[in-house]
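Numbering (this note's numbering), first residue to last: 25 to 268.
To start, the structure itself, in structure tokens.
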């Protein structure tokens, strides 16, 4: 219980009540199971100890076994959790204040700011923001499909892109999230605008994403400047909580 409660104070993940309850429950069940295993191990060797006249070391031995099993269990429960995320890199540099924030119900077709669909996604460090900026990490759901492109979302969040990147095709790719797996599914018409680890895609086949894969989406800068524009993400499937 103490391990689960202290995790609440030192983890940004604990801001999600469901995640906090899951972690607390896991810690309590794992520690209780470890104590039971330690007790069974100790009782299994007790007959051997009973043959020794000086039995003063039984308690130290029992606590040592308990500490050993608890250490093994907590090394597993305290390991980095599987939490898929996209960390924004190049192409998301700060360009000035977004004055459209003053009218949250209005979304223009020529919206120049990349943003996320807040009904499905959120940033790890700021769950209220929706504009993508360099250095922010987008937390991906455990399962589902994330659409990437420049299709504008509606006020009711129906349709449009879940990750909106101005200048890209309306639909450039999907990220299909399964249990502990993420698959990049390019749009067959625009797969040549995507790079994985700096290498342009040669086919329209789905790609299983791995930890630290760098995803780059190429476009022409909106506005007719014919200037190359890229958006770069780093994919993580073991997100290291900086406060843990």
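The beta carbon of each residue, even a glycine, is placed where N, CA and C say it ideally should be.
Everything numeric in this text was worked out from a predicted model, so none of it was measured.
For the candidate residues the options, whose alpha-carbon lies nearest to that of residue i?
i: residue 187; options: 166, 156 and 202; result: 156
i: residue 61; options: 95, 30, 110 and 80; result: 95
i: residue 203; options: 176, 232, 212 and 223; result: 232
i: residue 45; options: 57, 27 and 139; result: 27
i: residue 110; options: 100, 176, 91 and 139; result: 139
i: residue 112; options: 48, 86, 163 and 142; result: 163
i: residue 167; options: 207, 211 and 80; result: 207
i: residue 56; options: 25, 67 and 80; result: 25
If you drop the 5 nearest sequence neighbours on each side, which residues of the same chain put their C-beta closer than 6 Å to that of residue i?
i: residue 238; result: 221 and 258
i: residue 214; result: 193 and 196
i: residue 169; result: 198 and 200
i: residue 48; result: 28
i: residue 158; result: 112, 116 and 117
i: residue 256; result: 113, 114, 115 and 240
i: residue 219; result: 240
i: residue 63; result: none
i: residue 69; result: none
I'd like the list of long-range same chain contacts for residue i, defined as Cβ closer than 8 Å, with 5 residues on each side in sequence excluded.
i: residue 150; result: 160
i: residue 65; result: 89 and 93
i: residue 217; result: 192, 193, 196, 241, 242 and 243
i: residue 212; result: 228
Return the CA-CA distance between residue i and residue j, expressed in angstroms with no decimal places.
i: residue 254; j: residue 228; result: 20 Å
i: residue 42; j: residue 165; result: 13 Å
i: residue 197; j: residue 241; result: 10 Å
i: residue 172; j: residue 106; result: 22 Å
i: residue 50; j: residue 82; result: 30 Å
i: residue 137; j: residue 98; result: 43 Å
i: residue 273; j: residue 59; result: Residue coverage of the chain in this structure runs from 25 to 268, which leaves residue 273 outside it and unanswerable.
i: residue 117; j: residue 147; result: 16 Å
i: residue 144; j: residue 260; result: 18 Å
i: residue 236; j: residue 72; result: 52 Å
i: residue 86; j: residue 52; result: 20 Å
i: residue 209; j: residue 152; result: 28 Å
i: residue 84; j: residue 91; result: 10 Å
i: residue 205; j: residue 262; result: 11 Å
i: residue 128; j: residue 154; result: Note on residue 128: pLDDT 47, under 50, position unreliable in the model; no value is reported.
i: residue 142; j: residue 176; result: 13 Å
i: residue 30; j: residue 40; result: 15 Å
Where do the N-terminal and C-terminal ends of the beta strand (DSSP E) with residue i fall, by residue?
i: residue 110; result: 109-112
i: residue 198; result: 197-202
i: residue 85; result: It is not in any beta strand (DSSP E) - residue 85 instead sits in the alpha helix (DSSP H) that spans 82-101.
i: residue 208; result: 205-210
i: residue 229; result: Residue 229 -> no beta strand (DSSP E), and no H or E assigned at all.
Report all residues from its chain with a CB closer than 7 Å to the CB of residue i; omit the five preceding and five following residues, and keep chain order.
i: residue 174; result: 185, 188, 189, 190, 191, 192, 193 and 194
i: residue 54; result: 97 and 101
i: residue 223; result: none
Which first and last residues belong to the alpha helix (DSSP H) in which residue i is found?
i: residue 46; result: 41-74
Legend entry - Completely contained beta strand (DSSP E) runs for the segment 133-194, where each covers 3 or more residues: 161-163 and 168-173
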